[in-house]
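Since the structure comes first, as structure tokens, the remarks are kept for the end.
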Amino acid sequence: MTTDQSLLETHSDSFVHLHLHTQYSLLDGAIRLKDLIKEAKEQGVPAIAQTDHGNMFGAIDFYTQCKKAGIKPILGSEIYFTPGSRFDRKAARRSKNISSQDAEESSRQIHHLILLCKNNTGYENLCKLLSKAYLEGFYYKPRADFDLLKEFSEGLICSTACLKGEVGYNFFTDQDDRAVKSIEKLSEIFGDDFYLEIQENGIPEQAIVNKKVIAYAKENDLNLVATNDCHYMTPEDATAQEVLLCVQTGKTYADENRMKMTSQEFYFKSPEQMRESFKHVPEACDNTLRIADKCDVELNWIDEKGNQIYHLPDFPIDTGETTEVYFRRLSCEGLEARFNGPHFTKLIAQENWESEQKPVYLERLKYELDMILHMGFPGYFLIVADFISWSKNNGVPVGPGRGSGAGSIVAYALGITNINPIPYNLLFERFINPERISMPDFDIDFCQAGRQSVIEYVTKKYGEENVGQIITFGKLQCKAVLRDVSRVFGLTFSESDVISKLIPDELGITLEKALEMEPKLTEMIESDPKVRQIFTISERLEGLYRHAGIHAAGVIITNKPLVNYCPLFKGAKGEKVVQFDKDFSEKIGLVKFDFLGLKTLTVIDQAVKFIQRDHVPDFDIEEIDIEDDKVYDYISAGDTVGVFQLESSGMIDLCKRLGPDNLEDITAINALYRPGPLNSGMVDDFI
8 MTTDQSLLET
18 HSDSFVHLHL
28 HTQYSLLDGA
38 IRLKDLIKEA
48 KEQGVPAIAQ
58 TDHGNMFGAI
68 DFYTQCKKAG
78 IKPILGSEIY
88 FTPGSRFDRK
98 AARRSKNISS
108 QDAEESSRQI
118 HHLILLCKNN
128 TGYENLCKLL
138 SKAYLEGFYY
148 KPRADFDLLK
158 EFSEGLICST
168 ACLKGEVGYN
178 FFTDQDDRAV
188 KSIEKLSEIF
198 GDDFYLEIQE
208 NGIPEQAIVN
218 KKVIAYAKEN
228 DLNLVATNDC
238 HYMTPEDATA
248 QEVLLCVQTG
258 KTYADENRMK
268 MTSQEFYFKS
278 PEQMRESFKH
288 VPEACDNTLR
298 IADKCDVELN
308 WIDEKGNQIY
318 HLPDFPIDTG
328 ETTEVYFRRL
338 SCEGLEARFN
348 GPHFTKLIAQ
358 ENWESEQKPV
368 YLERLKYELD
378 MILHMGFPGY
388 FLIVADFISW
398 SKNNGVPVGP
408 GRGSGAGSIV
418 AYALGITNIN
428 PIPYNLLFER
438 FINPERISMP
448 DFDIDFCQAG
458 RQSVIEYVTK
468 KYGEENVGQI
478 ITFGKLQCKA
488 VLRDVSRVFG
498 LTFSESDVIS
508 KLIPDELGIT
518 LEKALEMEPK
528 LTEMIESDPK
538 VRQIFTISER
548 LEGLYRHAGI
558 HAAGVIITNK
568 PLVNYCPLFK
578 GAKGEKVVQF
588 DKDFSEKIGL
598 VKFDFLGLKT
608 LTVIDQAVKF
618 IQRDHVPDFD
628 IEEIDIEDDK
638 VYDYISAGDT
648 VGVFQLESSG
658 MIDLCKRLGP
668 DNLEDITAIN
678 ALYRPGPLNS
688 GMVDDFI
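To convert, take the position in the sequence shown, counting from 1, and add 7; that gives my numbering.
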């Protein structure tokens with residue numbers, strides 16, 4: 008057994024929750040991190056673990072909030088585990104007599120297992136294990152097997168989880184020999200970092216398992232650990248969490264066969280409650296403190312100078328030049344090529360070009376180059392310029408540029424953008440600010456049909472293990488949560504539609520605000536108990552994550568395999584996706600490149616090809632005169648269907664009212680068509 012350590016001495020009456028599901032256990036965990044951290048701080052607990060189902064989606068979010076609150080974060084996961092092979096794609100046969108299953112059938116079961124990170128090695132190993140569970144073992148769930156546990160056990164603590172764990176499941180179904188075999192295997196893999204988990208949750212089956220587990224632990228001198236498998240914060244949240252499970256499984260609350268917890272004890276209990284529940288085995292509570300002492304993950308994404316660490320690959324240069332020399336040369340040559348192109352024909356013809364105008368460009372180029380090199384970003388520019396160049400050379404249309412990146416003359420010189428920032432007084436500092444060191448971020452539009460081929464190009468160039476897309480999370484927002492909860496409580500679609508249509512159409516509206524704005528909602532709640540129940544539950548669930556998806560544009564490119572920095576997730580079409588969203592990916596130093604798929608570019612490309620085929624063989628869209636009066640006549644008449652950013656009904660109306668006759672007017676229309684200007688009267692003042 009382990010010896011007493013510091014937390015047991017300083018917090019002898021405390022308890023650390025080591026089996027806990029946050030909202031990142033999608034449609035299962037109902038614990039919001041801010042509520043968890045607040046309650047943990049009030050209880051004075053020294054540490055908490057996060058063990059979401061089969062993932063580490065919220066690891067950085069959890070880690071950051073705990074650190075800020077002065078609570079030790081214990082990173083972990085309740086993984087899905089199969090006793091057989093993760094490569095086996097046969098489902099276990101369902102049998103009423105579970106104990107009659109043969110060894111082969113038993114090996115196909117999917118069980119739960121808790122893994123906690125002791126140190127940074129454990130964190131890296133858990134990232135790799137979960138990634139392989141998704142990329143190699145996914146079959147209904149991301150499954151790990153004994154081979155993965157053996158390969159990635161270093162730095163990890165293991166406990167046997169709940170009744171769905173292999174040990175608990177086999178003890179309850181009187182397959183004690185299989186339970187013992189599992190214990191022996193896990194004990195051999197994890198040694199002193201292996202714990203037999205017990206829970207006191209009022210479930211009769213759990214009491215049977217606890218008795219067997221405690222007896223076996225004492226007979227074999229194995230560690231016990233007490234947990235509560237927390238899924239919600241308070242007992243009052245139990246019904247809401249059951250509704251959440253109904254949303255997940257598509258069942259109604261009245262369905263007797265729906266998935267349910269069968270107890271209302273799975274909440275964030277206080278240390279006093281936990282110690283009272285386990286007073287017959289106090290060492291199981293003491294061991295939560297011992298485990299917390301063992302765990303010391305320190306994630307560092309800031310260097311000694313206080314700057315963000317970025318995991319960006321070096322751009323491959325085959326000329327023998329340094330990155331700085333190569334970057335400067337390419338930029339200077341690129342700008343000179345621009346001078347010789349169609350954009351500058353009129354400028355160069357002017358008398359003051361050489362004496363007055365050209366020096367402005369050269370001075371701006373030098374200023375930007377010096378700034379980019381000083382901030383350490385030349386590699387980023389070269390990577391972007393390279394895949395844009397590849398796209399253009401391989402028939403994938405690329406947008407001219409959007410966002411603050413259009414303010415860079417270097418981006419223009421390298422062909423990243425096709426917009427000359429000087430005539431329009433676009434500011435480079437909006438893109439890269441020397442006062443705020445952060446990685447630049449180009450928003451790049453590609454033809455929708457060709458976007459995937461560009462991603463495949465960078466994947467091949469930088470390595471399949473070094474490129475991945477970014478996860479996103481859909482939320483149970485105001486109207487959506489009302490519809491979901493209404494369905495769970497048996498309302499028809501038309502009945503729930505009556506309620507949800509009363510929610511005002513306002514961006515980011517909440518149920519609380521909707522009640523303030525719409526008196527009819529309050530009337531319905533006061534007059535109908537069922538509607539009142541639906542609203543009460545909906546308010547408890549509002550804002551929780553509903554599903555995971557893939558960011559529409561973001562692609563991560565790293566200098567080492569992604570699993571060195573984060574776990575991976577498998578998309579619906581087999582895509583490799585990082586488990587942290589864009590904000591937390593950027594926080595740990597992963598660099599995001601935006602590959603936006605734009606249908607408009609596909610349409611323009613087809614139009615150009617038709618013109619070249621049927622009318623003007625040498626037609627070049629770059630040579631179109633942006634001062635063509637006929638184009639502005641069409642726009643002023645509202646004839647903008649299919650025109651990017653000008654085709655909505657509101658935009659058409661604004662175009663008619665303003666009557667643009669130059670590019671600056673189009674810019675003004677785009678700037679004015681925003682909630683602030685529209686609601687403030689600024690549009691009328693401008694017109």
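In this text, a Cβ means the ideal position worked out from N, Cα and C, and glycines have one as well.
Taking all protein chains shown into account, decide if residue i is buried (16 or more other Cβ within 10 angstroms of its Cβ) or exposed.
i: A247; result: buried
i: Y419; result: buried
i: K219; result: buried
i: F591; result: buried
i: H287; result: exposed
i: L528; result: buried
i: F94; result: exposed
i: L415; result: Checking the sequence shown, residue 415 turns out to be Ser, not Leu. So S415 counts as buried.
i: T565; result: buried
i: F693; result: exposed
i: Q357; result: exposed
i: I121; result: buried
i: M386; result: It is Gly, not Met, that sits at residue 386 in the sequence shown. Its Cβ being crowded by 16 or more others within 10 Å, G386 is buried.
i: S362; result: exposed
i: G408; result: buried
i: F435; result: buried
i: T352; result: exposed
If you draw a straight line from the alpha carbon of residue i to that of residue j, how long is it in whole angstroms?
i: V562; j: R458; result: 11 Å
i: S445; j: D632; result: 37 Å
i: I86; j: K41; result: 24 Å
i: K520; j: Q540; result: 18 Å
i: L279; j: S21; result: Checking the displayed sequence, the identity of residue 279 turns out to be Glu instead of Leu. Using only the alpha carbons, I get a separation of about 7 Å.
i: N473; j: Q116; result: 33 Å
i: G129; j: N208; result: 30 Å
i: N347; j: E513; result: 50 Å
i: T89; j: N294; result: 27 Å
i: I477; j: D640; result: 42 Å
i: V585; j: R39; result: 22 Å
i: H381; j: R150; result: 46 Å
i: F285; j: E463; result: 55 Å
i: G604; j: D199; result: 51 Å
i: I221; j: S84; result: 24 Å
i: Y251; j: A37; result: At residue 251 the sequence reads Leu, which differs from the Tyr that was named. L251 and A37: Cα-Cα distance of roughly 8 Å.
i: A186; j: T167; result: 10 Å
i: W676; j: I395; result: Rather than Trp, the amino acid found at residue 676 in this sequence is Ile. If you take the alpha carbons of I676 and I395, they lie about 29 Å apart.
i: E654; j: C169; result: 55 Å
Closer than 7 Å by C-beta to residue i: which residues in its own chain qualify, once you throw out the five before and the five after it? Chain order, please.
i: I105; result: Any reading at I105 must be qualified, since the residue scores a pLDDT of 48, below 50, and its modelled position is unreliable; the value itself is stated next. Hits under 7 Å: T180.
i: A413; result: T424, I426, P428 and L433
Ignore the nearest five residues each way along the sequence and tell me which others in residue i's own chain have a CB closer than 6 Å to its CB.
i: L342; result: L372 and A420
i: V615; result: I628
i: V690; result: L679 and P684
i: L498; result: none
i: G666; result: S643
i: I44; result: Q72 and A76
i: V598; result: Y317, L319 and M446
With which residues is residue i paired in a DSSP beta bridge?
i: S84; result: D59 and L122
i: P149; result: F145
i: R217; result: Checking the sequence, you will find Asn at residue 217 rather than Arg. The partner list for N217 (beta bridge, DSSP) is empty, contrary to what the question assumes.
i: R443; result: N440
i: T234; result: Q206
i: G556; result: T479
i: V474; result: I564
Which residues in the same chain as residue i place their Cβ atom closer than 8 Å to its Cβ, once the five residues preceding and following it in sequence are excluded?
i: P53; result: L14, T17, H18, S21, V23, I78, K79, L296 and A299
i: T330; result: D321, F322, I324, P385, G386 and L389
i: I215; result: F178 and F179
Answer yes or no: the CB of residue i versus the heavy atoms of the ligand NAD, is any distance below 7 Å?
i: L608; result: Questions concerning the ligand NAD fall outside what the structure shown contains, since it holds no ligand whatsoever.
- Query: Three or more beta-carbon pairs under 8 Å between the region 220-237 and the region 245-261, yes or no?
  - Reply: no
- Would you call the region 462-481 and the region 433-450 touching, i.e. three or more CB-CB distances under 8 Å? no
- Item | the region 56-74 in contact with the region 24-35 per 3-pair CB rule at 8 Å | yes
- Are the region 503-520 and the region 473-485 touching, with three or more C-beta to C-beta distances below 8 Å? yes
- Message: Does the region 116-130 come into contact with the region 156-165, if we say contact requires no fewer than three beta-carbon pairs (one atom in each stretch) closer than 8 Å?
- Response: yes
- How do the region 568-577 and the region 134-144 stand: do at least 3 beta-carbon pairs fall below 8 Å, yes or no? yes
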